[in-house]
Amino acid sequence: MSCEPWQCAEIASTKKANVIQKPEIAVAMMKKAQRPLLIVGSNVTERWMEGKQAIDYIIDLANASKIPVVATAHMVGEFIKRGYTPAAFWNAMEISQRVCDPTWMGLDGKGHPDLVIYVGMPYYMEALILAGLKHFAPDLKTMTIDNMYHVHASWSFPNATLEEWAANLKVMTSKFSGGN
Amino acid sequence: MVHHDFCLRNLGRFKKIVIWITGKPLQRFFNLTSKNVHVKIDEMKTNAGLIKNLELSIGKVINDNYAEPMGPTPMPSVTALRDWDMKLLTKYKPFYMPDCDSCCLCTFGKCDLTAGKRGACGLDIAAQSSRIVMIACAIGASCHSAHSRHLVHHLIEKYGRRYPLDIGGLNVKVEAPVTRLVTGIKPETLGDLDDVLAYVEEQVTQILATAHTGQESCNLDFESKAFHIGMCDHVGMEVGDIAQISTLGYPKADPEAPLVKLGIASVERSKPVVMCIGHNVVPSVGIIDYAKEKKVDDKIEVVGLCCTAHDMTRYYNRARIVGPISWELRFIRAGLADVVVLDEQCIRTDVAEEAAKVNTPVIAASEKNCVGFKNRTNDSTDAIVEDLVSGKVKGVLILDPEKVGEVAVRVAQAVAPMRKRKNVLPSVEEVVAIAKTCTQCKQCQRNCPQDYAIPAALKAAAAGDLSKLTDLYEVCIGCGRCESACPQGIMIHSLIVKAGEKSMYCEDNLCRSGRGAVSDVEIRNVGSPIVLGEIPGIVAIVGCSNYPKGGKDVYDIAREFASRRYIVVLSGCSAMSAGSYRNSEGKTLYEEFPGGFEAGGVSNVGSCVANSHIAGAAIKVANIFAKRPLRGNYEEIADYIHNRLGAVGLAWGAYSQKAAAIGAGFWRLGVPVVVGPHGSKYRRMLLGRKEDPSNWNVLDARTGETVNVGPAPEHLFNVAETKEECIVQIAKLCFRPNDTWKGRAGKLSHYIDLHKRYMGVMPNDVHLYVRTMADVPITLKDEIGKILEANNWKETVIPDPTLLPRMVRKMK
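Sequence order for the protein chains is C and A.
The first sequence begins at -14 in our numbering and counts up by one.
The second sequence begins at 285 in our numbering and counts up by one.
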C-alpha cells in the first residue's frame, strides 16, 4: 500500500513522516541512537502473526536490541507473563508528556531519549501522541514500527499486511547482535 | 428569590415603595430589557394628587428569601475565577496533541502551525489547540443550555412562571446546588430559572467571542475559559433537569426509582412502535399524553434512543429504552419503528434517508433539527397524517409538541399494518452471497473508527461462517462509516446486524429510571465517610457510547467498583450500557446493587442534563456536611472538593462536545476525569507530574505551612487505553490530601489489589501515597515497608489542605 495514513481521515498533516522502506533503515537509526526508548501499547496482544502475538515479536526485538521498553496500559503484566520485564510501565499520556519535555532525564535519570519508538497503541491515539511530539518536541526523533503508516512520526513504515509486519520485525531482530 | 409579576390596584395604601439594589452583583437582576415586573395603577390618591391609569414596567423586584449572605463570586464573569483556574493549570499542565497541523478558521489561512510556526494572526499551536478545546466546550454548553431554554420556555407557557420547583420535597432543601454556587440565585419557581439561564447564555456569547481571530492569544487563558464555560454548562444542565423534574412527575431524588425495560427484545413488536430519538422530552410527552388521553397507551409502544429514552421513562415507566445513540441504525434498518420522532442532539443526520428505506415516516420536532422537511406546524392534523401514511411525504417538521403527539400516534397506528415490519436486513443466504463480492480492499477497516477487522469477518462470511460478523455486532458502535467507504457498495452494517440478530432480539434488560438529584439525607449519611476516605470514592460513569470494545466494559467497571463499595453513579448512554448485561444469577446491575447514593450503591441520575446532579452531590457534601457557605462561593467549594472528595468522572465512550463541556465543569471543580482511548481526540490532557514534589504542595489551613501531600489526585484529565488500566487509574485518582489514615489505608488496599489484578504487578508509586505508617494497610506492612525503604521515604503530616491562602486560619 502507498504511504497514506492507515485510518483514512488522519490526513491533516503538513509535515509527513519519512517512509522506512526497509527494516534495515529502522535498525540503522536504532543503532545510531544513543538513548532510544521503545513504547509499547495495548494492541500488541490483539494482533496475531504466524501463530504468535505481536508482543512476542516485540520481546524478541527488545531482547536483541537491548532497547529499554516502556509498557503502556496493562501490558506490563503481559510482558512479565512471557518472561520479559520491561524497563518501566506507564500510562501512554504520562510517558509521552515526559518524552515531550526536553528536561526529562529518561528512565534512568541519565539523559533524555534521542529516539522514541512507538508500537501497538490504538492507531488514532498513537497518531495524536505523535502529533503532540512533532509540534512540541520538534528536536525529538520519533519512529513507529507498526504496520501502519503514521503521518506524524519522524519515521514510519508504510501500511503493510500482518505477514509483512512479522517479516519486518524478524529482520530487525536479526540485525542486532542479540538477535538470532 | 421570588420575582413578582403583579398588578397592584391599591398601591395608595402604601406610604412608601422602596426598591433596594443591594450591591453590584444584584444589579444584574435589574435588567430593564426584561419585563419581569409590571405595575399597573388604575387609580391612586396620594398627597401629591390623583394618579390614573399608570403603567410601570421595571426589571425585577427582588424578594430575597435566600438568607445566606452572598459569597465573593456570584455570576462570575469570564475572568472572575481565573486565579483558581491557574492554580489548577499550574498543577495539571496541558499536554496537547493537535489533531490538525493547521488552522483554517479565517481567510488569512490556512496557516501551518507545525512545530513553532505561527499563523498569520500570530497564534501558535498551543493556543490553537486550547482554542479548539474551548470551542468544543462552548458548543456543548450552548447545546445543553439551549435545550434547557426550550424546556423552561415550554414549561412556563404550560405551567406558569410561578410554578414552584420541587425536585425532592423535604428531602432536598438544597434544590439547585450548582445554580446557587455559581449564580447566587436560589430558584424557587420556573420563572426564576429564566434569570439563571440568561447568565449562562451571556457567558456562552462572551466565551465564543474570544475564539475570534485576533482575540485571546494565550493557551492557558483559553483553558481557563474552557473551564468557565464548563462550569456554566453544569448550571444550564441543572436548570433543564430541575424544570422537568418539577413539572413532569419524574422520580424526585428517589433511590428506588422504578426499573424500566431496556433493550430491543423488550419492545412488543406486535404493536405499532413510535421511536423517539434525541434529548428533549417535550415531543415524547406530547406522544405519551395523547396516547393516554385516547386510551391507546397499552396498544402502542413508545420507545426511545439516547437521553430522550431516559426522560421518557422518568415521565412514563411503560416507555422503553432501546439503547444508546449507537443503536439508531440497527433499530431503523431492522424495521422496528413505525414512525420516528426526532427532537434534538445526538441524532444521526441520515435518519430520514435510513427511515425512508423501510417506509418509516419521520417527524422532526425541534427547531434545532428541521431535516429539510416542510414546516407543517400550522396544517391540520388530518392532512399531515394523511400525507405521512400515504407516503406522499417522507417526513414533516412539526414544532407543536401536542400536535407531534397526535400525529405520531395516529401515523404509527395506520402505518404499522401496511409496513409489516419492512426491513432492509438481508437473509443469511444473502449475507453470504453479498460477502462474496468483497474484494478485501480493507477500506472498511481503514474507515472504521475502531479499526475492526471487518475484511476478515467478510471473508469468513463468504465461506459461510458468520461468527466473526456476530462478534462485531457486540462491539460495533453503529456509525456506518464502513459502508460509506466500501467501493463495492456492500451494506456492511446491515450484514453485521443480521449476523447479530439473534443476540439483538434477546436484549431484554433493565435500567433504573433516572432518579434525579441526590437527596440531602443521603449526603448527610455519606458526607463524613467520603471526606474521611472511609468510602473509597465516588465513581461517576457518564456520557456517550463511543466505546473502544463495546458497552460491556462499562458494566464491568461499574460492577468492579460497586462490589468494592465505592459509590457508583451513572448517566446517559453509559447508564443504559451498564444495565445491558447480567451477572451469573441473571441480575442486571440495577437489580444487584441498591439505587442509593451510598457505599455499594449504583444510581442512575438520568439523562445528559442530569449530570449536573453529580456535580451537585459533590457541592452538597461541601455545603451540607462540611457547612461551607454555598452562595456565590465557587472557589472555596471547589477547593474543598478538590482536596477532600475522592470523586472521579469516567466518560469511557465520550464522543461529543457536550461531553467535553461536562468534563470541563468537573475540571473547574477540581474533580479528575478519565476518558477512554477515543477521548484522546479531545486533543488535550491535563496531567500532573508525580515525580515533581513542587507540584503537590498545599497550604495547611490550620497553620499556613506548606505541606507536600503527594500526587493526590495525580491528574485532572487523562486517557485510559484499556478497561484494565482504566479501573486501576480510577482507584488511584480517588486519593485526596485529606484522607484519614484509615481512609488512605482503605484506598491504598483497593489501588494495590486492583493494580496487581489488572496490571499483574505491584504499583511502582505506592511510596508517594503513604504519608505516615498508619496509612499502610496492615496486611501489606511488610511489602510496603520494603518499598518505602527503597525509596528513601520520609513521614509527613496530614494537613487541613487548601490551595487558597485566604482559607488559612492562623499563619505561622
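Backbone N, C-alpha and C define an ideal beta-carbon position, used for all residues, glycine too.
Just the C-alpha distance for residue i and residue j, rounded to the nearest angstrom, thanks.
i        : j         : result
C/Ala152 : C/Gly105  : 16 Å
A/Pro771 : A/Thr723  : 9 Å
C/Lys66  : C/Leu92   : 22 Å
A/Ala741 : A/Val955  : 42 Å
C/Lys1   : C/His137  : 6 Å
A/Gly937 : A/Gly963  : 8 Å
A/Ile416 : A/Cys760  : 28 Å
A/Lys266 : C/Trp89   : Residue 266 of chain A lies beyond the range of chain A shown here (285 to 1096); nothing can be said about it.
A/Phe314 : A/His437  : In this prediction, A/Phe314 has a pLDDT of 38, which is less than 50 and means its spatial position is unreliable; what the coordinates show is noted afterwards. Going by the C-alpha atoms only, they are around 20 Å apart.
A/Arg445 : A/Cys384  : 47 Å
A/Ser318 : C/Met60   : Interpretation of A/Ser318 is limited by its pLDDT of 41, a score under 50 that renders its predicted location unreliable; the figure taken from the coordinates is listed afterwards. Looking at the two C-alpha atoms, the distance is approximately 60 Å.
A/Pro358 : A/Leu1087 : 20 Å
A/Val673 : A/Lys394  : 49 Å
A/His496 : A/Ser361  : 18 Å
A/Val810 : A/Ile908  : 11 Å
A/Asp470 : C/Lys126  : Residue identity check: residue 470 of chain A is Lys in the sequence provided, not Asp. Approximately 56 Å, taken between the alpha carbons.
A/Ala575 : C/His120  : 58 Å
In terms of residues, what are the limits of the alpha helix (DSSP H) holding residue i?
i         : result
A/Leu934  : Not the alpha helix (DSSP H): A/Leu934 falls in the beta strand (DSSP E), residues 931 to 935.
C/Lys17   : 8 to 17
A/Ile814  : 804 to 815
A/Thr665  : 665 to 674
A/Leu543  : Looking at the DSSP string, A/Leu543 is not in any alpha helix (DSSP H); the run it does join, the beta strand (DSSP E), is 543 to 546.
A/Cys1010 : 1007 to 1017
A/Val467  : The question names Val, but residue 467 of chain A in the sequence shown is Thr. From DSSP, the alpha helix (DSSP H) with A/Thr467 extends over 461 to 467.
Chain A partners of residue i, CB-CB under 7 Å?
i         : result
C/Ala138  : Result: empty, since nearest Cβ-Cβ is about 13 Å, beyond 7 Å.
C/Lys17   : Chain A residues near C/Lys17: none, gap ~22 Å exceeds 7 Å.
C/Ser(-2) : Asp385
Please work out which residues of its chain come closer than 6 Å, Cβ to Cβ, to residue i, disregarding the five sequence neighbours upstream and downstream, and give them in chain order.
i        : result
A/Ala746 : Ala719, Lys720
A/Ser812 : none
A/Gly307 : Low per-residue confidence applies at A/Gly307: pLDDT is 37, beneath 50, and the placement is therefore not dependable enough to give any value.
A/Asp595 : Val565, Ser891
Please list the partners that residue i has in chain A, where partner means a Cβ-to-Cβ separation under 8 Å.
i        : result
C/Ala58  : Ala1004, Glu1005, Thr1006, Glu1008, Glu1009
C/Ala2   : In chain order: nothing, as chain A lies at least about 13 Å away.
C/Ile114 : Met381, Ser964
C/Gly117 : Phe379, Tyr380, Met381, Pro382
C/Ala77  : Val1003, Glu1005
Terminal residues of the continuous beta strand (DSSP E) containing residue i?
i        : result
C/Ile24  : 21 to 25
A/Glu585 : 585 to 589
A/Asp984 : 981 to 984
A/Val852 : 851 to 855
C/Tyr108 : Per DSSP, C/Tyr108 belongs to no beta strand (DSSP E); it is in the alpha helix (DSSP H), 108 to 121.
A/Cys795 : 793 to 796
A/Leu971 : 968 to 971
So with CB distances below 8 Å, who are the chain C contacts of residue i?
i         : result
A/Pro832  : Pro107
A/Val958  : Under the 8 Å cutoff, chain C gives no residues; its nearest Cβ is about 10 Å from A/Val958.
A/Tyr376  : Going along chain C, no residue has its Cβ under 8 Å from A/Tyr376, so there is no contact; the nearest lies around 11 Å.
A/Gly1044 : His59, Val61, Gly62, Glu63, Ile65, Lys66
For residue i, which residues in the same chain have their Cβ closer than 8 Å to its Cβ, ignoring the five residues on either side in sequence?
i        : result
A/Leu929 : Ile814, Val815, Ile822, Ala902, Val905, Ala906, Val955, Arg1020
A/Pro382 : Leu397, Ile409, Gln412, Ser413, Arg967
Going by beta carbon distance, what residues of the same chain come within less than 7 Å of residue i, once the five residues before and after it are set aside?
i         : result
A/Ala842  : Ile825, Val852, Leu854, Ala862, Leu873, Val886
A/Thr990  : Asn981, Leu983
C/Trp75   : Val55, Thr57
A/Pro1089 : Leu983
Give me the chain C residues within the contact set of residue i, using Cβ-Cβ distance strictly less than 7 Å, ordered along the chain.
i        : result
A/Pro961 : Pro107, Met110
A/Asp517 : Going along chain C, no residue has its Cβ under 7 Å from A/Asp517, so there is no contact; the nearest lies around 24 Å.
Against residue i, what residues of chain C qualify as contacts under a CB-to-CB distance less than 9 Å, listed in chain order?
i        : result
A/Ile409 : His120, Phe121
For the ligand FMN, I want to know if residue i counts as a neighbour, meaning its beta carbon is within less than 8 Å of at least one of the ligand's heavy atoms.
i        : result
C/Ile130 : You won't find the ligand FMN in this model; it holds no ligand whatsoever.
If you measure beta-carbon to beta-carbon, which residues of the segment 965 to 990 of chain A are closer than 7 Å to chain C? Lys965, Arg967, Met969, Leu971
Could you list the residues in the segment 1066 to 1093 of chain A with a C-beta less than 9 Å from some C-beta on chain E, going in chain order? Included in the structure are the protein chains C and A, with no chain E among them.
Contact list for the segment 857 to 874 of chain A against chain C, Cβ threshold 7 Å: none
Select from the segment 387 to 406 of chain A all residues with a C-beta closer than 7 Å to any C-beta belonging to chain C, and list them in chain order. Asp396, Thr398, Ala399, Gly400
Residues of the segment 19 to 43 of chain C with a CB closer than 7 Å to any CB of chain A: list them in chain order, please. Gly26, Ser27
So if I threshold CB-CB distances at 7 Å, which residues from the segment 724 to 746 of chain A count as touching chain C? Arg730, Asn731, Asp735
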